[in-house]
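Residue numbers (full-length UniProt numbering), protein chains in the order written: chain A, 1 to 420; chain B, 1 to 248. Even glycine gets a Cβ: it sits at the ideal position worked out from N, Cα and C.
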Amino acid sequence: MLLSYLKIAWKVLLRRKFFTFISLFGVSFTLMILLVVMAMFDHMVGPSTPTKRIDKMLFVNSIRQQMTDNHGWMNSPASIHFVDNYVRKLKTPEKVGIITVSSNATAFTKSKLLPLDLSYTDGNFWQIMDYDFLGGRAFTEAEVKSAQHVCVLNESTARGYFGTTEVVGRTIEIDLKRYRIAGVVRNVSAAHVYAYADVWVPFTLSPQYFKDKRIGGEFLMVLLAPSAAAVPAVREEYRQMMRRVEIPNPKDVEALFSYADPVLPSFTRQLLAFQDQTSGNDNLEAFYLIIGAMALLFMLLPALNLVNLNVTRILERSGEIGVRKAFGAAGRDLVGQFLVENVVLALVGGLLGLGLAAGALALVNSTNPIAYAHFTLSWRVFGWGMLLTLLFGLMSGVYPAWKMSRLNPVVALRGGGDQK
Amino acid sequence: MENLLASTIDTNSQPPLNGATAATAPVLQLTNIEKVYQTATIETVALNRVNLTINRGEFVSIMGPSGCGKSTLLSLMGLLDEPTSGTIEVDGRPVQSYSDKELAGLRNLKIGFVFQSYHLINDLSVLDNVELPLLYRPKLSGRERRQRAVAALDKVGLSARTGHFPSQLSGGQRQRVAIARALVGGPEIILADEPTGNLDSVMGEEIMDLLLGLNKTEGVTIVMVTHDIQQAMKTGRVVRFFDGSQVG
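Written out as structure tokens, the structure is:
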């Protein structure tokens, strides 16, 4: 029966070429946009170099300080005092690494100025992240402790400065300081905010490396759990730890809030913190709800258009519906048939949408909107795309199918569209 | 429902070879049937207190002027529509309480339709068109469906045209395909609504001969709506209608 449905679905698609074109355009264009957005989203939060073990990673990007006397909030990354005295003492994480948000730096070659993004990190950071080394190695904890002027360059900087990536052991001058190059890594997308930079140097060289008891500083933290299953325990221990943190300036600061989150919640917690900022809600559910609703709304318009076209098409096929009913098709058989037809149409549109999305992503990549970002359609995105396509096919097929199944066979055989 | 159907018909068996063995058993019984079409302003009585019994193996013609309710009656007999009042019995069982699914099952197993304008699906081949009623019998394999469809086409003399599409056939051939489709499920009764109405006299005769042959040799019960008195006279019984009422 399915084969027969598919056969007639295909014939119907070919018979009404303009209708098919309009339908396919609606489906494929909608899916193209959704797939492009999903590919970008996947690029930012999915497992990829250097965050291959992202399912075991937790990130801390800020400490929120609630000021006394309703003087508002102050947000900043953590200080070394906070990292060393509290976070590094946690028992559940396997490792705690730190990195600063990249800052502007400049290197001069003989002929040109090379603007760079520079980050300060520690030795653990390199063990947590899986950078792709083209040569050399990361700097060690010992090098960090002794504040040696070593650095890791990305491929682009090595080529820009030296014209080659074979530069391990040579020196580079950045902001009038000379650094020995320990290693060169493949470029990392700027969308990976916890890993991106052009140059990485030991945090002990940072001008913002203060040894006092301040809580706020410039360091983002990456906590590596021993396994994905242990992530909740790490989160919980971090939450418990925050209760013990001593406020160094209680006259000004009333309370401190900070959370160790997986990558997506680490963004959504701040992005959607409209209401009570003291609550522990990471707003992930709200984020998915908003994104889901937006995707649904986005699909709704072309789906409604397809519903409308489908309902019109049913009238054209009333004779067939009448015959099928006369020869024993129950209402649900017809619903099944029409849904199959519509899902076939949607799947064809989905495949076209995938092709269009690949083209659109190639276009986006060529304009290089985010440094070193290369957006691709992964199997995961493909899977989601197909799921969305099925959803679309069902959304736009259910109502017309139901309407079709309700056609009075006598009227249908006469070529009319009245319902029972 | 499936048990009920199983108890009333063996789907794999052929209809009785000769209607004489069970000629007196009613396959369809209509009692006090009324059909009224109601609009906001007008009430139209399409059928008025119709009592009609169709016995197994009969070939009955229904005649009357246009608009007298013949096609409405055929739709009711085919369980495609519901009467406003009265009862319809198929094989002695009243069907008014049947669900949509049960009625569909009953139509599939017991009734075959032949329409004036053939109602073949142009997108499907001749074989696929004939196979269509069997699609709604999930227990049949694809191979069995094909075999039965080819056998039905053989009965109407079109087994050489299985791969053709309806648009490639003449009117008479299309109606033969439609008859094969009506036959393929081994129904107890074929309801034919002016089956020769769109055909010239020669093709009309061919189709009539085919129906008469099916009735005689296969024992298929046939109810045919027609305007043609000569064709009607060839059938076993003529029922006349006028203005929604049975007049003879």
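Where residue i falls, given that 16 or more other Cβ within 10 Å makes a residue buried
{"i": "V202/B", "result": "exposed"}
{"i": "W126/A", "result": "buried"}
{"i": "K112/A", "result": "exposed"}
{"i": "Y37/B", "result": "exposed"}
{"i": "E144/B", "result": "exposed"}
{"i": "L363/A", "result": "exposed"}
{"i": "Q175/B", "result": "buried"}
{"i": "residue 425/A", "result": "The first residue shown for chain A is 1 and the last is 420, placing residue 425/A beyond what the model contains."}
{"i": "I8/A", "result": "buried"}
{"i": "Y288/A", "result": "exposed"}
{"i": "G280/A", "result": "exposed"}
{"i": "K35/B", "result": "buried"}
{"i": "N124/A", "result": "buried"}
{"i": "V247/B", "result": "exposed"}
{"i": "D261/A", "result": "buried"}
{"i": "L345/A", "result": "buried"}
Chain-ordered chain E contacts of residue i [CB-CB under 8 Å]
{"i": "P133/B", "result": "No chain E appears in the structure shown, which is made up of the protein chains A and B."}
Beta-carbon proximity list for residue i, same chain, < 7 Å, skipping 5 on both sides
{"i": "R214/A", "result": "S79, H81 and P248"}
{"i": "R324/A", "result": "L334"}
{"i": "D154/B", "result": "none"}
{"i": "L140/B", "result": "L134"}
{"i": "T21/B", "result": "Note that T21/B scores 42 on pLDDT, short of 50, meaning its location in the model is unreliable; the coordinates nonetheless yield the value given after this. Cβ within range, chain order: n/a, list empty."}
{"i": "P400/A", "result": "V307, N310, V311, I314 and F338"}
{"i": "R181/B", "result": "N129, V130, L132 and P133"}
{"i": "A373/A", "result": "H43, S189, A190 and A191"}
{"i": "R137/A", "result": "A182 and G183"}
{"i": "K177/A", "result": "H149"}
{"i": "L354/A", "result": "L35, L377, F382 and G385"}
{"i": "S75/B", "result": "D81"}
Anticipated Cβ contact below 8 Å, residue i with residue j, distance rounded
{"i": "I181/A", "j": "V201/A", "result": "Their Cβ separation, rounded to whole angstroms, is 11 Å, which puts I181/A and V201/A out of contact at 8 Å."}
{"i": "M299/A", "j": "M386/A", "result": "Not really, about 14 Å apart at Cβ, beyond 8 Å."}
{"i": "V253/A", "j": "M57/A", "result": "That pair is no contact at about 29 Å."}
{"i": "Q110/B", "j": "E188/B", "result": "Checking the sequence, you will find Lys at residue 110/B rather than Gln. Indeed, because the Cβ distance is near 5 Å, the residues count as touching under 8 Å."}
{"i": "E94/A", "j": "L224/A", "result": "5 Å"}
{"i": "L264/A", "j": "V37/A", "result": "Going by Cβ atoms, the distance from L264/A to V37/A rounds to 15 Å, so no, they are not a contact pair."}
{"i": "E196/B", "j": "M208/B", "result": "A small fix is needed here, since residue 196/B is Thr in this sequence, not Glu. Sure, about 6 Å apart at Cβ, within 8 Å."}
Spatial neighbours of residue i in its chain, beta-carbon cut-off 6 Å, leaving aside the 5 residues before and after
{"i": "D198/A", "result": "L116, D117, N154 and T157"}
{"i": "E237/A", "result": "L90 and T92"}
{"i": "T204/A", "result": "V144 and A147"}
{"i": "N3/B", "result": "Low confidence applies here, because N3/B scores a pLDDT of 42, under 50, leaving its location unreliable and the question unanswered by this model."}
{"i": "R107/B", "result": "L79"}
{"i": "A358/A", "result": "L377"}
{"i": "T109/A", "result": "Y161"}
{"i": "L103/B", "result": "L79"}
{"i": "V45/B", "result": "V36 and G244"}
Neighbour list for residue i in chain A, Cβ cutoff strictly below 9 Å
{"i": "H119/B", "result": "G319, E320, G322, V323, A326 and L413"}
{"i": "A192/B", "result": "By Cβ distance, chain A contributes nothing, its closest Cβ being about 12 Å from A192/B, past 9 Å."}
{"i": "G105/B", "result": "G328 and A330"}
Within chain B, partners of residue i - CB distance below 8 Å
{"i": "D282/A", "result": "By Cβ distance, chain B contributes nothing, its closest Cβ being about 49 Å from D282/A, past 8 Å."}
{"i": "R15/A", "result": "D123"}
Chain B contact residues for residue i, given Cβ-Cβ distances below 9 Å
{"i": "I8/A", "result": "I121, D123, L124 and D128"}
{"i": "V348/A", "result": "Simply none; closest approach about 17 Å."}
Neighbour list for residue i in chain B, Cβ cutoff strictly below 7 Å
{"i": "S4/A", "result": "D128 and L135"}
{"i": "K11/A", "result": "D123"}
Chain A residues whose Cβ lies nearer than 8 Å to that of residue i
{"i": "K101/B", "result": "A330, G331 and R332"}
Chain A contact residues for residue i, given Cβ-Cβ distances below 7 Å
{"i": "S75/B", "result": "V410"}
{"i": "D243/B", "result": "Simply none; closest approach about 20 Å."}
{"i": "D81/B", "result": "V410"}
{"i": "G78/B", "result": "A326"}
{"i": "N108/B", "result": "F327 and G328"}
Any non-hydrogen atom of the ligand SAM within 6 Å of residue i CB
{"i": "E285/A", "result": "In the structure on display, the ligand SAM does not appear, and there are no ligands present to speak of."}
Same chain, Cβ closer than 8 Å to residue i, neighbours up to 5 away in sequence not counted
{"i": "I54/B", "result": "P26, V27, L28, Q29, V60, M77, I189, T221 and V223"}
Is it true that the region 114-131 of chain B meets the region 187-198 of chain B, where meeting means three or more beta-carbon pairs spaced less than 8 Å apart?
-> yes
With contact counted as at least three CB pairs below 8 Å, one residue from each stretch, are the region 223-233 of chain B and the region 119-135 of chain B in contact?
-> no
Inter-stretch contact (C-beta, 8 Å, three-pair minimum) for the region 66-85 of chain B and the region 402-411 of chain A = yes
The region 130-143 of chain A / the region 174-188 of chain A touching (three or more Cβ pairs under 8 Å) | yes
Okay, do the region 51-62 of chain B and the region 304-312 of chain A touch, 3+ Cβ pairs below 8 Å being the bar?
-> no
At a cut of 8 Å, does the region 1-20 of chain A reach the region 337-351 of chain A through at least three beta carbon pairs?
-> yes
Counting pairs of Cβ atoms below 8 Å between the region 255-271 of chain A and the region 53-70 of chain A, do you hit three or more?
-> yes
Count the C-beta pairs between the region 155-163 of chain B and the region 15-33 of chain A that are closer than 8 Å, then say yes if the count reaches three, no if not.
-> no
Given 8 Å, three or more beta-carbon pairs between the region 96-107 of chain A and the region 216-224 of chain A | yes
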